[in-house]
Each structure stands twice: as structure tokens, then as C-alpha cells.
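**Q** In UniProt numbering, the protein residues as written are 1 to 503.
Glycine included, C-beta positions come from ideal geometry on N, C-alpha and C.
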Amino acid sequence: MAAEACEYLSPSCDPASFWMYLCVCLLLVCAAGLMAGLTMGLVSLDMLNVRILEMEGTELEKQWARKVRPVLERHHLLLVTLLIVDASANEALPIFLDKLVPEGVSIILSVTCVLMFGEIIPSAIFTGPNQLRIAAALTPGVKVLMAVVFPLAYPISKLLDWWIGADHDAEQYKRNELKALVALQRESGAIRQSFVESRLCDYEMESASTSSAHSSVLMSPNTQRQQPLLKPEPETEIDVDVDVEVETPNQRKRRRQHAMATGTKLNVDEVTIIHGALDLSSKTVAEVMLPMSEIYTLEIDTKLDHNTMADILASGHSRIPVYETRKSNIVGLLFVKKLIVLDPDDARPIRDLVLRKPILVSPSGSCYSMLNEFQKGRSHIALVTKETELVASCWRNNRPIPLHVVFEGIVCLEDVIEELLQEEIEDESDVYVHDIVDVWSSKAQQSRLQAVAAKAFITKKLKMLAYRARQRVRNRHETQQEAAAASIQVTVVPNAPPVVNYK
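1. What are the boundary residues of the alpha helix (DSSP H) that includes residue 62?
2. Per DSSP, what kind of secondary structure is residue 399 in: helix, strand or coil?
3. Among the residues of its own chain, which have a CB less than 6 Å from the CB of residue 409, if the five just before and after it don't count?
4. Cα separation between residue 278 and residue 44?
5. For residue 301, does the count of other Cβ atoms within 10 angstroms reach 16, so buried, or fall short, so exposed?
6. Which class does residue 474 belong to by DSSP, given the choice of helix, strand or coil?
7. Are the CB atoms of residue 340 and residue 321 nearer to each other than 8 Å?
8. Name the two residues that bound the continuous beta strand (DSSP E) containing residue 385.
9. Can you list, in chain order, the residues of its chain whose CB lies under 6 Å from that of residue 379, leaving out five sequence neighbours each side?
10. Could you check the C-alpha separation between residue 285 and residue 183 for me, to the nearest Å?
11. Given that a residue counts as buried once 16 or more other Cβ atoms are within 10 Å of its Cβ, and exposed if not, what is residue 148?
12. Have a look at the DSSP bridge pairing and note the partners of residue 506.
13. Quick check on residue 164: does DSSP put it in helix, strand or coil?
14. For residue 377, name the three-state secondary structure that DSSP assigns.
15. Quick test of your reading: residue 361 and residue 411, contact by CB under 8 Å. State the CB separation rounded to the nearest angstrom.
16. Under 8 Å, do residue 127 and residue 71 count as touching if we go by C-beta distance?
17. Report the residue from 80, 112, 76 whose alpha carbon sits nearest the alpha carbon of residue 93.
18. Taking only the alpha-carbon atoms, compute the straight-line gap between residue 372 and residue 413 and give it to the nearest angstrom.
19. Nearest by alpha-carbon distance to residue 330: which of 317, 318, 297 is it?
20. So who's on the other strand from residue 410, going by DSSP bridges?
21. Could you check whether residue 32 and residue 142 sit closer than 8 Å to each other, using their CB atoms as the reference points?
22. With DSSP collapsed to three states, give me the class of residue 179.
23. Less than 8 Å between the beta carbons of residue 77 and residue 157, yes or no?
24. When every heavy atom of the ligand FAD is checked, does at least one fall within less than 7 Å of the C-beta of residue 348?
25. Just reading off the beta strand (DSSP E) that residue 361 is part of, what are its end residues?
26. Contact between the stretch 93–102 and the stretch 17–36: three or more CB pairs below 8 Å?
27. I'd like to confirm the pairing. Which residues does DSSP put opposite residue 335 in its beta bridges?
28. Taking the C-alpha atoms as reference points, what is the distance between residue 18 and residue 86?
29. Just to confirm my understanding: we take residue 125, look at its own chain, exclude 5 residues before and 5 after, and list those with CB closer than 7 Å. What are they?
30. Three-state secondary structure (DSSP) at residue 344?
31. Evaluate residue 240 with the Cβ neighbour count: other Cβ atoms within 10 Å of its Cβ, from every protein chain shown; 16 or more gives buried, anything less gives exposed.
32. Is the Cβ-Cβ distance between residue 118 and residue 29 less than 8 Å?
33. Nearest-angstrom Cα distance between residue 267 and residue 47?
34. What is the DSSP secondary structure of residue 283, counted as helix, strand or coil?
Next comes the structure, spelled out in C-alpha cells:
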């Protein structure tokens, strides 16, 4: 029985070949482990993350990404090469182990070595935190293997390209996936921010308790009586830094804000703007426009007297659509800033002023296209209608707009920016009008501020502004005329040269 066990565990080859077969088996196990690790480490790399690191990573990360990216772009050729070498090593290992030990032992050793040293351990190492670094270091060797196995691997890889597809570029995230990714980034930053804030609070509480304990010991009246109970310490030289500054509350607040800012990935405003930018292309002009029923308009023959200018100022708009005969026949836009040089006493009609033609846009147009149109500088307000070509033709030929044409509303740059920011924007006129409404609604002043008094106040303000504007324009023109019409006067004196006086 002992003889059979000894024969079962004894090598099947002569002692001279034992060490050679043992080295070959070790090399095969290492090769199988290396190929398995490279298969997990290289193939599992995300092409998008590699490109991001190549553009925005550190210098080392950029170098690693540049080394790895050409190999990853040939995905099927890389995969077939690594699998061929790995399968060859795994299949050859039992053959050489059979030369060292009997068949049963060789199978057990082969499975154990391949599982532990050829799969589990290499996969854990190659997919660890240094995945990109290890992959970049072994990329030259992978290129050599690809060249060696190229005659066999290339046809298989081309077949896979034809069958599955050869597009292995960076994965393009969908719009909803990007929004979810940004939201997750903000949530992780919020968690980290709360953690940092809690740690800072704990630190401040600990510092406060320590300082209070020290102050209580120093300020206690029983300190002198308790001193003999204290264990005397040996006298040693202690380096005291007299330049140490006590942290003020403002410095502590700034340190806390800095720690919270560095700990937060994305704040709420950043996430909101990113979500708004991603949703902007899917929103149409009809969703963000202001309906025509809510728009303040003027008739072209309206006289710009005190009451009209007061109404225009109270409306709070900088551009007002002007129509002729009917509201569906809009002829242009009145710029309110041009009224500053007009005298309300003249009561000039709007027809005498120069009106600006607005942009025409379809209600099904994209908000991004509307934003690009506003960037051209033609106008910051657009009329929404389905008959854009017909309306433009009527304006060019100075013809009235047909009755069947309907203006659905207007959209301005502020509306598009509000959709991008996903927040309301209040300009100076909005705040001014809201303040007036608040004053009018106040019970203390409701009896004193009636509609007539308010209109008179606005009219007086508008008239004063217009008078000052006219004075500035008149003074500027008079100065230019005096400089251009400088006259020369010659005075003749007997027996004296002429004297030239400039005025």
C-alpha cells in the first residue's frame, strides 16, 4: 500500500526533465493569470472615461490614457488576442503537469492553479484602484501579442465586427442618463458636505468644551487650595510660540465655508442649470411664449400725450407691439427708451416714430434655435405665428396682414434664459411695478394714493425725465454748432497791424 502511494505521488518523468517541466508549468500559470487579468483590466475600461482622463486628467493620467486608447479602439482584436493566449495557456498546463504527477493529481493541480493564480488573484489586481496604470504599463506587451497572434485573431475579430458591429467608441449617454448622472453627483456631494459640516461642528464643540474647561480651572476660586493635591511635574523647557493667533469667528466661518465648498461636488444651482440646458432643446417656443391676450399693445394712431406715456411707463415693458386697425395686424415694435426725448405736450402719434420689425418664429421652433436667433442681435423679442413667410412678405411690401393670420404670442430673450435657469428673472421694471402695487395695496396709504394721484405722479416723473433728456440733447447740439461756426473778426487800427480775434 505504501509503495502504491509513493508511486502515485512520484514524478512521471526522469529527474533531469523535472525542473524543465516545472518551470514550463509556472510560466503557463503566470501567462494564464496575466491574460485573464489583462482581459478584465483592459476590456472593462470605459472608453468615455479614458477620453475624459486624456483631456482633463493629471499629466500621468493623460500619458496612461494616450497609451491605452489605441489598443481599446480595436476592441475585438484585443479581446480575441487575449482569449487565444489565455486558452492556450490553460489547455497546455495539464499536459505538462501530467509529466510531473499522475493524471488525477495533474487535473486537481491544474484547476486549483488556474482558478486561484490564473483567474481570481489577477482579476482582483488588474481591476483595482491602479487599473489604468497597470494597463498602460503592459500595453507594449499586449501590442506584441497582437502582432504574434494577428494571423489567427484578425479574421475572427473582423467576423465579430461584421456580426456585432465595429463601433466601440465612447458611449454616448442619453439625455435622461446625463440628468440622472448630474443628480447623483450632486447627491454624493451633498452627503460629503453634510459629513464635513458635522465633523466641523464636532470639532468646534470639542474646542469650545476644552476652552471652557480650561477657563473654569483657571477662574475657579478653589484652585489655590487644590494645588497641593496635584502631582508635581519635572521642570522642562517648553517652546512657547508667542505669535500664535486665536481664531476669530470670521476666520472660523470662512474656514467652514471653504471646507463645505471643497467637499461639495455640485450645488443645487449648477444641477438646475445643467438640467435646464439639457431640457431646452426639447422645449418648443409655444411652451415658453406669453399669450397674445396678456400682451400690452398700442394702436399706431395713438397720441403720445401725458396719459398714454403714463400708461406705457406703468406697464413696465421696454418694447411694445404696435398694431394698425386690428390687433392681428402688427406693424412693428415701439421702443420705450425713445420716448425720453418726446414732449407729452406735443401729443405726437406713434405713426410718426420709427418702429422696429420683430423676429418671426414658428410655435414649433426649438428654444435653442430661438436663443441662437437672439444672439444675432437683430432683436430680443419675437412674434410667434405659423405664417412667418406671409407676415414677412407683407412687411416687406408694406401691405396689411391678412385676416386669417393669427399671432399666438411673443417670446423674448428673458423667457428663454428663464427656461435655461429654471428660475424667474425680475428686472428693474418688474421690481418697480411690484413696489407700486405693494404701495397701492397698503392699508395705511390706500386712502391717499388713488388712481388719479398715482397717474399724476407718474406723469410728473415722466415729464421731468423727458425735459432733462431734451435739455441734454439741446446743450450737446448747441456746443457742436458753436464749435463748427467759429467766426473770425478783423479789427483795423491806423498805423498798426491787423489784430485777429477768435470767438
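**A** Taking the structure as given:
1. Along the sequence shown, read from residue 1 onward, the residue named residue 62 stands at position 62. From DSSP, the alpha helix (DSSP H) with residue 62 extends over 59–73.
2. Your numbering for residue 399 matches position 399 in the sequence shown. Reduced to three states, the DSSP call for residue 399 is coil.
3. One-based indexing of the sequence shown puts residue 409 at position 409. 289, 290, 291, 292, 384.
4. By one-based count along the sequence shown, residue 278 stands at place 278. By one-based count along the sequence shown, residue 44 stands at place 44. Roughly 29 Å separates the two Cα atoms.
5. Taking the first residue of the sequence shown as position 1, residue 301 is located at position 301. Classification of residue 301: exposed, given that the 10 Å Cβ count is below 16.
6. Taking the sequence shown and counting its residues from 1, the one referred to as residue 474 is at position 474. It is helical.
7. Translated into the one-based positions of the sequence shown, residue 340 becomes position 340. Translated into the one-based positions of the sequence shown, residue 321 becomes position 321. In this structure, residue 321 does not lie closer than 8 Å to residue 340 by Cβ.
8. Counted from its first residue, the sequence shown places residue 385 at position 385. Element bounds for residue 385: 381–385.
9. One-based indexing of the sequence shown puts residue 379 at position 379. Counting only Cβ-Cβ distances below 6 Å, and skipping sequence neighbours, we find 358, 359.
10. Locating residue 285 in the sequence shown gives position 285, counting from the first residue. Locating residue 183 in the sequence shown gives position 183, counting from the first residue. Residue 285 and residue 183: Cα-Cα distance of roughly 27 Å.
11. One-based indexing of the sequence shown puts residue 148 at position 148. Per the 10 Å Cβ criterion, exposed.
12. Outside the displayed range of the chain (1 to 503) lies residue 506, so it cannot be described from this structure.
13. The sequence position of residue 164 within the sequence shown is 164, counting from 1. Residue 164 falls in the coil class under three-state DSSP.
14. The count along the sequence shown starts at 1 and reaches residue 377 at position 377. If DSSP states are grouped into helix, strand and coil, residue 377 belongs with coil.
15. On the sequence shown, position 361 is the one that residue 361 refers to. On the sequence shown, position 411 is the one that residue 411 refers to. The pair is a contact, with the Cβ atoms about 7 Å apart (cut-off 8 Å).
16. The residue you call residue 127 lines up with position 127 of the sequence shown. The residue you call residue 71 lines up with position 71 of the sequence shown. No, Cβ-Cβ distance for residue 127 and residue 71 is not below 8 Å.
17. Position 93 of the sequence shown holds residue 93. Checked all of 80, 112, 76; the closest Cα to residue 93 is 112.
18. Numbered from its first residue, the sequence shown carries residue 372 at position 372. Numbered from its first residue, the sequence shown carries residue 413 at position 413. For residue 372 and residue 413, the distance between alpha carbons rounds to 10 Å.
19. Reading the sequence shown from its first residue, position 330 is the one you call residue 330. Closest option to residue 330, Cα to Cα, is 297.
20. The residue you call residue 410 lines up with position 410 of the sequence shown. According to DSSP, which records beta bridges pairwise, residue 410 is partnered with 290, 383.
21. Position 142 of the sequence shown, counted from the first residue, corresponds to residue 142. Position 32 of the sequence shown, counted from the first residue, corresponds to residue 32. Cβ distance not < 8 Å, so residue 142 and residue 32 don't count as in contact.
22. Here residue 179 refers to the residue found at position 179 of the sequence shown. If DSSP states are grouped into helix, strand and coil, residue 179 belongs with the helices.
23. As a working mapping, residue 77 is identified with position 77 in the sequence shown. As a working mapping, residue 157 is identified with position 157 in the sequence shown. In this structure, residue 157 lies closer than 8 Å to residue 77 by Cβ.
24. With respect to the ligand FAD, the structure offers nothing, as it holds no ligand at all.
25. Taking the first residue of the sequence shown as position 1, residue 361 is located at position 361. It spans 359–361 - the beta strand (DSSP E) in which residue 361 sits, taken as one unbroken run.
26. yes
27. Within the sequence shown, numbered from 1, the residue matching residue 335 stands at position 335. 319.
28. What you label residue 18 is simply residue 18 of the sequence shown in a count that begins at 1. What you label residue 86 is simply residue 86 of the sequence shown in a count that begins at 1. Answer to the nearest angstrom: the Cα atoms are 24 Å apart.
29. Within the sequence shown, residue 125 is the residue found at index 125, counting from 1. Contacts found: 37.
30. Numbered from its first residue, the sequence shown carries residue 344 at position 344. Looking at residue 344 - three-state DSSP - the assignment turns out to be helix.
31. Position 240 of the sequence shown, counted from the first residue, corresponds to residue 240. Any reading at residue 240 must be qualified, since the residue scores a pLDDT of 37, below 50, and its modelled position is unreliable; the value itself is stated next. That one is exposed.
32. If you number the sequence shown from 1, residue 118 lands on position 118. If you number the sequence shown from 1, residue 29 lands on position 29. Cβ atoms of residue 118 and residue 29: closer than 8 Å.
33. Within the sequence shown, the letter at position 267 stands for residue 267. Within the sequence shown, the letter at position 47 stands for residue 47. If I take the Cα positions, the gap works out to 28 Å.
34. As a working mapping, residue 283 is identified with position 283 in the sequence shown. In this structure, residue 283 counts as coil in the three-state DSSP scheme.
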